[in-house]
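Visitor: Sharing a structure with you now.
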Amino acid sequence: MEFSDIIEIIHPSLAETERKIDEFIKSDIPLVYEIAKYLLGGGGKRIRPSLVLLSSAACGLTDGEDRIAAAAGIELFHAGTLFHDDVVDQAEFRRGNASSNIVWGNKPTVLVGDFMLARGLELIYSCGSLELLRVVSRASSRLAEGHVLEIMSERKMVEISEDFCFSVIDHKTAALIECSTETGALLANTSNGAVRALSHYGHNIGIAFQLIDDALDYCSEENKFGKKTGQDLAERKMTLPLYYSIENAPEDVRRKVIETLDKEDDLDSSEIAEISQLVAHYRGVDLTRQRAKEFVVEAKKSLDEIPQNDYKESLGHLADYVAERNF
């Protein structure tokens, strides 16, 4: 099922969310709006606001301004972190376009990222729930910690293991997706059991989502996925496809890969291509996709706590989409 078909049930609410986003990125300073609009208008499926809206509706809340404000707030918060990501990673592309730090430079990009984080939090605050603020603040701190963990791995400050790779994913990606589904449940004033169930659902599809992203980095076309194939490898990011392939490779191959990754110079295109082929040969991509499917199964089990309705069904389809997507 296509993503557009899955979210058709919340299409009117998503349209309201887009209008709210555009309202809240406006500024008296034209450059702020120009940079913010550049990122938000450059694509993106709005998965996080969709999860807020689907989760709240699955728990019985299908209208109201707070759910629109929360969905828009979390998307603005997410977008703000993307600006910071691009500066930290020295990225050249975002969603197939030149990244904002390439177009405008690091300083405006960081500051507009700050602006969007603040505007996102303003929208969350408008919902009038201290618990909601706590959930979003917790996700924010976890996300920042995830970036630090990733930097520590790049600088060889930690022992890399499967658990470490999952810890990075848990902090960097799963935190905000889990926050999205938990936010939807909290807005609906549903039972503690339903809040926990949707929190677990979001956590598991968040991990699955990042696992598929990591796998696609070794096999996706640049224009389709929005970044260069092998970008994680070029940045020396130890994601699970690479970790699994190194673990499965013979000792001589393993040693050669590690020596290549440990060298001071940037990896050239032939080295990236060679290691990418080894990742495919030693089943790094296949094993990562398999793990993603396992997390999707767990996510769908969590939905057993939610009464049957069309929105719950859409959440199930969205989980399947996460595991099966190829871009």
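Numbering (the working numbering), first residue to last: 4 to 330.
Ideal Cβ placement from N, Cα and C applies to all residues, glycine included.
Remember, predicted model here, so these are calculated numbers, not experimental data.
1. For Gly116, report the span of its alpha helix (DSSP H) as first-last.
2. Look at the alpha carbon of Leu34 and the alpha carbon of Phe118, and state the distance between them as a whole number of angstroms.
3. Using only alpha-carbon positions, find the residue among His206, Asp235 and Ala200 that is nearest to Asp216.
4. Take Ile172 and list the residues in its own chain whose beta-carbon comes closer than 6 Å to its own, dropping the five residues that flank it on each side.
5. Would you mind giving the Cβ-Cβ distance between Ser156 and Met241, rounded to the nearest angstrom? I have them listed as a contact below 8 Å.
6. Looking only at its own chain, which residues have a Cβ that is under 6 Å from the Cβ of Ser202, when we skip the five neighbours before and after it?
7. Have a look at Ile305 and Val288 and give me their C-alpha separation to the nearest angstrom.
8. Please state the DSSP three-state secondary structure of Lys315.
9. Could you check whether the region 191-201 touches the region 269-278, counting it as contact only if at least three pairs of C-beta atoms, one from each stretch, sit closer than 8 Å?
10. Using the Cβ count rule (16 or more neighbours within 10 Å means buried), how would you classify Pro244?
11. Which partner residues does Ala101 have in the DSSP bridge list?
12. I need the boundaries of the alpha helix (DSSP H) containing His14, first residue and last residue.
13. By how many angstroms is the C-alpha of Arg328 removed from the C-alpha of Leu321?
14. Grab me the residues of Pro291's own chain with a C-beta within less than 7 Å of its C-beta, minus the 5 sequence neighbours each way, in chain order.
15. By Cβ distance below 7 Å, which residues in the same chain neighbour Leu136 in space, the five residues on each side in sequence not counted?
16. Are the CB atoms of Gly187 and Leu54 nearer to each other than 8 Å?
17. Does the beta-carbon of Gly116 have 16 or more other beta-carbons within 10 angstroms, so that it is buried, or is it exposed?
18. Nearest to Ser7 by alpha carbon, out of Lys48, Trp107, Lys23 and Glu68?
19. So for Asp265, helix, strand or coil by DSSP?
20. Give me, in chain order, the residues of the same chain whose beta-carbon lies closer than 7 Å to that of Val161; leave out the 5 immediate sequence neighbours on both sides.
21. Taking the Cβ atom as the reference point for each residue, do Thr84 and Ile38 lie within a distance shorter than 8 Å?
22. Under the three-state reduction of DSSP, which class applies to Arg294: helix, strand or coil?
23. Would you kindly work out how many angstroms separate the C-alpha atoms of Ala72 and Leu124, rounded to a whole number?
24. Would DSSP call Tyr41 helix, strand or coil?
25. Measure the Cβ-Cβ separation of Ile9 and Ala75 and say whether it is below 8 Å.
26. If you follow the alpha helix (DSSP H) that Pro244 is in, where does it begin and where does it stop?
27. Just to check my reading of the structure: Ser1 and Ile77 have Cβ atoms closer than 8 Å, yes? What is that Cβ distance to the nearest angstrom?
28. I need the DSSP call for Ala276, collapsed to helix, strand or coil.
29. Within 10 angstroms of its Cβ, does Val260 collect 16 or more other Cβ (buried), or is it exposed?
Guide: So, from the listed chains and residues:
1. Asn109 to Tyr128
2. 12 Å
3. Asp235
4. Ile210 and Gln213
5. 5 Å
6. Glu181 and Glu185
7. According to the sequence as given, residue 305 is Ser; it is not Ile. The alpha-carbon atoms of Ser305 and Val288 are separated by roughly 26 Å.
8. helix
9. no
10. buried
11. Phe96
12. His14 to Phe27
13. 10 Å
14. Looking at the sequence shown, residue 291 is not Pro but Thr. Closer than 7 Å at Cβ, skipping near neighbours: Leu214, Asp217, Ala218, Leu243, Pro244 and Tyr247.
15. Ile127 and Tyr128
16. yes
17. buried
18. Lys48
19. helix
20. Met155 and Phe167
21. no
22. helix
23. 10 Å
24. helix
25. no
26. Leu243 to Asn251
27. What the structure shows of the chain is the stretch from 4 to 330, and residue 1 is not part of that stretch, so it cannot be assessed.
28. helix
29. buried
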